[in-house]
Amino acid sequence: MIYDRVLLKHTIPRIFRQASARLLHNKGRLANGNAGLFSNLNGFLDRPVNNRIPRTSPRKQYRQDYDRSRKFDIKWNNGSYRAQEAAKSVTDKVVDLRRDGKITVILSNGELLRSNIFQLAKTLNLDEQGILFLKSGEDYDGKPLPVVKVVDARTAKNAYSDMLAKKRTQEMLDMGLNANRAGVSTKAKDTTKNIKVSWQISDSDLGNQKLNEIVSQLNKGHKVMLFICEKESNKMDPIIPKTELNDFKRLPDKVVKRREEIMKTLNIIVSDHTSNVTVEGNINSRIIMKLQPKKVKTMSAKEKRTMKEERKKERREKLQKRAEKAKQQLQIQEGGAEE
């Protein structure tokens, strides 16, 4: 009995001391854990903000540059070489402004239509139609929106010729060349029209389409430069280098004879509409014909009145002859009826 009391006297305090020690130990661990948690949270919130712009991978950047450099290219199965080049210049300009090709189209009847240059180009019949670049407007979201107009083939080709002439003139002025040597004048009214004639052209095209194109420009008072060369050639330089004149490939007699016939036909076409013709080049490679239009004589007011009176007199005489002829036919018919 006495032994049990002594055992309890020493055991119970020891149990309380051990329990208290464990409680304090656990409390300290909990406090340290919460402190670490809040420390990590504060460190996350106080971290410096990374404003660095993400870099594009080299592979993706190469693809973007490749897409920008690509040109929309369509192969037409109709129209002349000049008509195809004129249409291609418009499509390239549209794609440079807007990669997706969205445009506003003005149809031949004046109707406005939202379309796509790719779809429009595929539906064109370049034998009869063409397109002109008018201006660049803005879409609803502020992006450029090119405006394109559908016109007849001749208008499109004439506009393309004017654009090439202006471009060539500016290039010559930038290079510091003598404008007189190049056959180009800096005067606004003294323009030069460039017309390409292929060695492979047919007689019908030469006698119809090219004849009308050349004569119409000369009658307007424009100087004309005819570039007679291969169909695939893009050489439109008005000055032929000496190396090209001396270094050329001999052609078969049949080909040379055909080219001589083309030159003979061209000389006949321009003879009645030019005051001066200059021919440069070689029939084995390419030839440039520089045509000066005939000067149109300006009439005075008195001469114009005299011409109008003469025309009125001619019309009166024609009407009088028709009336007399109709009267004679009527008399013949009446005489036949009496018999």
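The numbering of the sequence shown is our numbering, which starts it at 6 and goes up by one.
Quick reminder that beta carbons are idealized off the backbone N, C-alpha and C, glycines included.
Computed from a predicted model, the values in this text were never measured in an experiment.
Per-residue burial, residue i [other beta carbons within 10 Å of its own, 16 or more giving buried]
i	result
Gly-115	exposed
Asn-281	exposed
Arg-310	exposed
Met-312	exposed
Gln-175	exposed
Met-177	buried
Arg-87	buried
Leu-129	buried
Ala-193	Reliability fails at Ala-193, whose pLDDT of 42 lies under 50, so the model's placement of it is uncertain and the value that follows must be treated cautiously. Classification of Ala-193: exposed, given that the 10 Å Cβ count is below 16.
Leu-324	exposed
Ile-337	exposed
Ile-79	exposed
Ala-306	exposed
Gln-134	buried
Lys-300	exposed
Nearest to residue i (by Cα), restricted to the options the options
i	options	result
Glu-90	Asp-132, Leu-150, Leu-102 and Val-110	Asp-132
Arg-291	Leu-231, Ser-305, Gln-333 and Leu-211	Leu-231
Asn-345	Ala-126, Lys-317 and Leu-169	The structure shown has nothing for residue 345, since the chain only spans 6 to 344.
Thr-283	Val-275, Asp-101 and Lys-295	Lys-295
Pro-298	Lys-318, Lys-332, Val-260 and Lys-228	Lys-228
Leu-169	Asp-179, Ile-200 and Ile-206	Ile-200
Ser-85	Ser-221, Leu-211, Arg-173 and Lys-326	Leu-211
Ser-221	Ser-207, Ile-206 and Asp-277	Asp-277
Trp-81	Phe-123, Lys-171 and Ala-331	Phe-123
CB of residue i within 9 Å of CB of residue j, strictly
i	j	result
Ser-141	Val-152	yes
Asp-105	Asn-121	yes
Lys-154	Ile-136	yes
Arg-159	Glu-235	no
Thr-279	Leu-223	yes
Lys-148	Arg-103	yes
Ile-288	Leu-216	no
Ile-267	Trp-204	yes
Residues bridged to residue i (per DSSP)
i	result
Arg-119	Thr-109
Thr-160	Paired residue(s): none; Thr-160 is not in a bridge.
Thr-174	Looking at the DSSP assignment, Thr-174 forms no beta bridge with any residue, so it has no partner.
Gln-134	Asp-157
Met-346	In this structure the chain extends from 6 to 344, so residue 346 is not present and cannot be described.
Report yes or no: do the segment 91-106 and the segment 156-172 share at least 3 C-beta pairs separated by less than 8 Å? yes
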